[in-house]
Amino acid sequence: MEIITYITDIFKGLKSLWKGMMITGYYFVHPKEIVTQRYPENRKTLVMFERFKGEVTMPHDENNQHSCTGCGICETNCPNGSIEIITRKEVNESGKLERVIEKHIYHLSMCTFCELCIKTCPSNALAWGNEFEHAVFDRHKLTKVLNKPGSSLKKEPKEKKLEEVKN
Amino acid sequence: MTEELFNILKSQFESVEIKEGKNYPEFYIPASELTTFCKFLKDDDRFSFDFLFNLTAVDWIEYFNLVYHLESTKNNKCIVVKSKVEGRDNVSIDTVSMLWPAAEFFEREVFDLFGINFNNHPDMRRLFLEENWNGHPLRKDYIDEINIIER
Amino acid sequence: MTSVIYDFTPLTQSIDQFLTKNLSQGWALTIELVIIGLVFLLFYAVIGLYLVLAERRVCAFMQNRLGPNRVGPGGFFQTIADLIKLLLKELIPIRRADKFLFNLAPFIVIIASFMAIAAIPFAKGLHAIDFNIGIFYVIAVSSLGVVGILIAGWSSNSKYSLIGAMRSGAQIVSYELSVGLSLLTIVIFAGSMQLSEVIQSQADGWWIWKGHIPAVVAFLVFMIASTAETNRGPFDLAEAESELTAGFHTEYSGIKFAFFFLAEYMNMFIVASFAATMFFGGWMPLHIGGWDTFNHIMDYIPPIIWYFGKTALMIYLIMWFKWTFPRLRIDQLLTLEWKYLLPINLVNIIIVAFISWKHWHF
Amino acid sequence: MTEEIKEILFTEHEEYMINMGPQHPSTHGVLRFEVFLKGEVVTRLVPHCGYIHRGIEKMCEKDTYPQIIHLTDRMDYFSAHMNNEAVCLCVENALQVEVPERVKYIRTILAELGRLASHQLWWCAFGMDLGALTTFFYGLRDREKILDIFEESFGSRLLHSFITPGGLMHDVHPNFQNRIKEFIKYFRKKLPEYDQLLTGNIIFQNRTKGIGQLSKEDAIAYGITGPSGRGSGFSCDIRKKYPYSAYPYVQFEEKLSEVGDTFSRYKLRIDEMWESMKIIEQLVDNIPEGDYTAKMKAVLRLPEGEYFQKVETARGELGVYIVSDGNKYPYRIKFRTPNFSNLFIMNKLASGGKIADLVAISGSLDLIIPDIDR
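Right under this line is the structure:
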């Protein structure tokens with residue numbers, strides 16, 4: 007009968023509304039389920055994941071040496087040209103002319119974090135840094151030079167480099 | 003697609019060439035007979051290709067290649083129909099949007115990016131770029147000094 | 004009968020005698036009006052701001068997040084900071100808008116809610132006006148707000164706000180009906196429309212208990228209708244964010260937007276206070292049957308605490324609606340009113356009339 | 047006659063048009079609907095897209111195959127894994143490279159996790175479109191757990207260009223598996239809450255039942271694939287029709303519903319979430335050991351010819367059509383994106399309904415605008 011469905015309709019509707027309210031009510035009385043991360047306050051204790059892709063960096067060891075030979079493979083492999091390598095010729099101790107990296111320019115503003123440069127670098131010179139606070143007032147600050155001033159190429163015998171290939 | 007289906011098509015349309023593509027069988031058809039061929043493919047219940055899932059163009063400098071990927075949801079078959087359009091500017095071909103409504107917007111995109119006109123298309127306008135954009139970007143000879151930097 | 008410990012009538016009478024003693028009758032009246040005006044202005048600002056903060060905290064806790072917690076301890080000064088920001092914001096003039104009406108609209112909405120506050124009985128003897136047709140006055144005044152919304156929608160010369168205003172016009176006009184009818188059931192029980200009389204009649208038990216089933220039905224209908232009346236909760240079609248960006252107050256900026264915003268929260272407060280006054284006995288303390296000691300302790304809690312406690316409960320209920328339900332479509336909204344709420348109300352009134360005639364209520 | 051009055055007279059006969067413009071809360075992106083109204087009822091609707099057209103297909107013509115991956119990420123950014131997987135499968139089939147079992151398993155798990163995350167975010171936005179603002183926060187709270195799994199293994203949450211032609215960029219994190227098991231246990235408790243909060247709600251059902259009716263023939267004719275197409279009975283699940291990666295080893299059900307209205311599309315996506323969890327559970331325990339990529343040459347040159355690969359993303363069927371002339375760059379690459387065809391049914395579905403229905407329908411079609419414009 008039309009009236010019966012009319013009335014049961016009302017009660018079914020109210021029951022469904024009440025079930026929905028029970029959920030929001032449940033979360034209202036359970037503040038322990040709050041998921042907000044208090045970012046600026048927990049800056050000291052905040053630790054990112056180990057593999058977090060903050061920015062491309064060139065790790066330097068204690069006596070300011072890196073392992074970038076200036077070969078330019080990362081520059082060719084970068085899809086949108088955010089790496090520029092500037093090299094210069096230098097005479098090394100064995101008298102031959104050798105190419106030495108002068109500036110490894112990295113445009114963070116253009117980088118899309120596709121990780122091709124790190125993967126294809128033959129001497130594993132580049133690595134991901136965990137730093138994620140990149141806000142700057144001037145866009146030019148986003149073009150970084152990865153090799154620190156006064157740093158030089160780390161010399162080591164050939165065979166050691168092969169076995170520590172990145173996993 | 004079995005052999006005898008090829009023969010049926012061959013008998014219906016002499017000018018169709020059939021080639022076994024890497025993924026799907028390919029049918030080359032001159033532009034003039036395109037619509038009748040597609041109509042036959044769609045209406046004939048042995049084929050009933052009712053789902054056009056891709057329509058695009060490839061610019062081979064002297065001519066454009068229009069590629070239609072069709073699938074028949076009834077007997078789960080996919081084929082590729084291709085037709086050639088000679089020339090570079092104000093080339094045109096017949097529309098298939100009355101057979102498959104999905105084609106209407108694929109064709110507008112091809113017109114927008116390649117400049118191939120489709121006759122008696124319901125709404126022949128550019129899809130992505132502004133109306134007054136000169137040039138068609140996806141052509142091989144499209145020059146845009148500002149955005150495309152030759153390295 | 005309960006001995007009413009806190010009675011504010013002697014206080015108001017003494018101020019009145021003091022003023023008439025050394026000032027002429029005219030001046031005394033103006034000063035009294037100025038005092039009442041200032042008190043209500045302050046009350047309006049404080050309640051409005053802290054209702055906004057309460058809503059943001061309640062909604063945050065329901066959504067598993069913290070809500071405002073940066074400005075002041077626990078976000079206490081958040082809404083004050085918002086108000087100052089809105090005061091500093093530029094009032095963007097709208098091209099080809101009807102300047103006069105555009106600026107008038109927020110004030111109409113504010114005045115409507117102001118007039119309704121005047122009739123709220125905070126405690127015995129503590130209310131601005133005590134008409135003997137209290138409820139009738141309140142319903143009449145609360146329908147003034149829709150005029151302001153319609154003017155705002157039409158005069159800001161934008162299609163979104165026009166649609167928003169038309170929607171809220173249809174909505175508020177039709178929900179006036181069931182607000183009035185559901186209050187009518189309590190008037191039949193209480194026998195008088197004067198608000199203080201209604202509260203006095205609930206001295207020996209609130210109407211929601213004494214009126215048992217029909218009162219509970221009337222209460223539910225009143226809550227649904229009043230959420231629709233204030234454009235909130237599942238009925239916020241006037242400023243439906245996802246369809247009309249911000250409905251009738253899309254074009255408003257700065258303090259004019261703040262007026263609309265505060266007026267909406269004040270309407271919520273008014274509606275909640277009337278639900279508390281009519282159904283839960285306003286400032287009448289909670290008395291349970293024979294437990295005299297319990298009742299006596301309850302009398303010591305001042306009536307204002309009772310009043311604000313019940314209103315806070317009602318406000319929480321209205322907020323709970325808003326943050327749980329999706330929005331109704333305009334035609335479903337109207338069918339809900341005309342096909343469901345109205346018949347229920349009418350049947351309810353017949354039952355209530357029959358019960359109060361046969362004195363079956365407690 | 048002053049200029050103003052002339053203008054008013056001129057617009058007298060015009061239909062009442064409002065612009066649900068590129069910047070609007072419910073278009074989920076930069077898409078403009080020109081909506082012609084008669085009162086509240088929508089008479090005609092013209093979608094305008096192209097606001098976020100980056101010319102991905104033109105850019106791909108100058109990129110080598112590994113470099114295309116960072117572009118396909120940015121097409122349908124909620125199913126980034128599936129887009130990359132489509133290109134990689136196409137390249138691998140073209141080069142007849144056999145990918146190790148481990149990679150197949152991980153790729154399918156990532157695809158299903160991506161589908162779950164995308165459906166969760168669709169559920170939040172759909173609830174918010176209809177006015178239930180709390181659904182947004184519940185959905186994102188659960189989605190956060192999936193993004194943590196992604197972030198721990200590949201360092202980024204949304205666009206991870208992790209699947210490269212030939213396998214994976216590097217191996218997954220050691221506790222990838224138990225984090226997934228933890229998430230599945232957590233989400234099996236939370237998904238019923240979604241139904242309790244929204245699906246059962248009578249207001250929600252009135253807002254979605256019987257709106258935006260899409261018949262099966264229209265779905266096939268307009269090319270509506272994915273959950274929107276399956277909502278009206280068009281069985282177009284590529285994982286079932288042309289299985290790829292690890293889908294042949296998995297038992298799962300392709301959900302279909304004959305009704306074809308907004309509610310059936312909604313219910314279908316919720317059921318698909320249950321299915322995705324079933325798939326992940328079958329795969330996560332027996333990921334075979336092995337290296338994470340096949341031996342690939344430094345520069346990939348596809349042999350001459352054209353290749354097509356279909357993949358089932360969260361929103362429908364993604365087709366990658368590569369024409370190669372033997373060079374290291376593709377001569378022409380075309381992405382048949384699901385949202386492109388799903389968008390243009392809007393005019394047919396929304397005409398006749400109200401503005402509120404228009405928002406509900408576009409929410410139920412789950413459109414991603416960068417996927418339309420490419």
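Protein chains in written order, with the numbering used here: chain A, 7 to 173; chain B, 3 to 153; chain C, 4 to 365; chain D, 47 to 420.
Heads up, the beta-carbon is just placed ideally off N, CA and C, and yes, glycines get one too.
Keep in mind that this is a model prediction, so the values were computed, not measured.
- Look at the beta carbons and you see the segment 254-266 of chain D touching the segment 276-283 of chain D: at least three pairs across the two are nearer than 8 Å.
- D/R100 counts as exposed, since fewer than 16 other beta carbons sit within 10 angstroms of its beta carbon.
- Under the three-state reduction of DSSP output, B/N67 falls in the strand class.
- B/S85 has its alpha-carbon roughly 56 Å from the corresponding atom of A/P65.
- Looking at D/E228, D/S408, D/T383, the one whose alpha-carbon comes closest to that of B/N56 is D/T383.
- Comparing C-alpha distances from C/M322 to each of A/L20, A/T30, A/K25 shows the shortest one belongs to A/T30.
- Boundaries of the beta strand (DSSP E) around D/V366: 362-370.
- Taking C-beta separations shorter than 7 Å and ignoring five residues to either side along the sequence, the partners of D/Y338 in its chain run R148, V149, G213, L214, H216, D217, following chain order.
- The DSSP-derived three-state label of C/H252 is helix.
- Between the C-alpha atoms of B/R110 and C/F105 there is a straight-line separation of about 44 Å.
- The criterion of a C-beta distance shorter than 8 Å is not satisfied by B/D61 and B/F130.
- Taking the CA atoms as reference points, D/G306 sits about 8 Å from D/G256.
- Per DSSP, reduced to three states, the secondary structure at D/D241 is helical.
- Counting along the chain, B/Q14 sits inside the alpha helix (DSSP H) bounded by residues 5-14.
- Listed by position along chain C, the residues whose Cβ is nearer than 8 Å to that of D/P376 form an empty set, because the closest Cβ is around 40 Å away.
- Using a Cβ-Cβ cut-off of 8 Å, D/R100 does not count as an interface residue toward chain A, since no Cβ of chain A sits closer than that to its own.
- Proximity of chain B to D/R382 at the Cβ level (cut-off 7 Å) is accounted for by F55, N56, in chain order.
- Within the segment 31-52 of chain A, those residues whose Cβ lies closer than 7 Å to any Cβ of chain D are, in chain order, V41.
- Burial state of C/S185 is buried, judged by a 10 Å Cβ sphere holding 16 or more other Cβ atoms.
- Just measuring C-alpha positions, the residue of A/I91, A/N70, A/D67 sitting nearest A/C77 is A/I91.
- Under a criterion of Cβ atoms nearer than 8 Å, no residue of chain D is adjacent to B/A33; the nearest Cβ is some 19 Å distant.
- At a cut-off of 8 Å between C-beta atoms, D/V345 does not count as an interface residue with respect to chain B.
- For A/G87, no Cβ of chain C is located within less than 8 Å of the residue's own Cβ.
- Residues are counted here when their Cβ sits less than 9 Å from a Cβ of chain C; for the segment 72-92 of chain D these are S72, L83, G85, E86, given in chain order.
- By the neighbour-count criterion, in which 16 or more other beta carbons inside 10 Å mark a residue as buried, C/M317 falls on the buried side.
- Counting only runs of 3 or more residues that sit fully inside the segment 113-159 of chain A, the beta strand (DSSP E) segments are 133-135, 149-151, in chain order.
- Among the CB atoms of chain A, none fall inside 8 Å of the CB of C/N351.
- In the structure shown, D/Q166 falls within a helical segment according to DSSP collapsed to helix, strand and coil.
- Using a C-beta cut-off of 8 Å, the segment 124-139 of chain A makes no contact with the segment 350-367 of chain D, since fewer than three inter-stretch Cβ pairs fall below that distance.
- Per DSSP, reduced to three states, the secondary structure at C/Y53 is helical.
- Taken atom to atom, the span from the alpha-carbon of C/M226 to that of C/F283 is near 13 Å.
- Residue state for C/L187 is assigned as helix, using DSSP reduced to three classes.
- C/R68 and A/T93 have their alpha carbons spaced roughly 52 Å apart.
- With fewer than 16 other CB atoms across the displayed protein chains lying within 10 angstroms of its CB, D/D241 is exposed.
- According to the DSSP secondary-structure assignment, A/H110 is paired through a beta bridge with A/I91.
- By the 16-neighbour rule on beta-carbons within 10 angstroms, A/Y12 is exposed.
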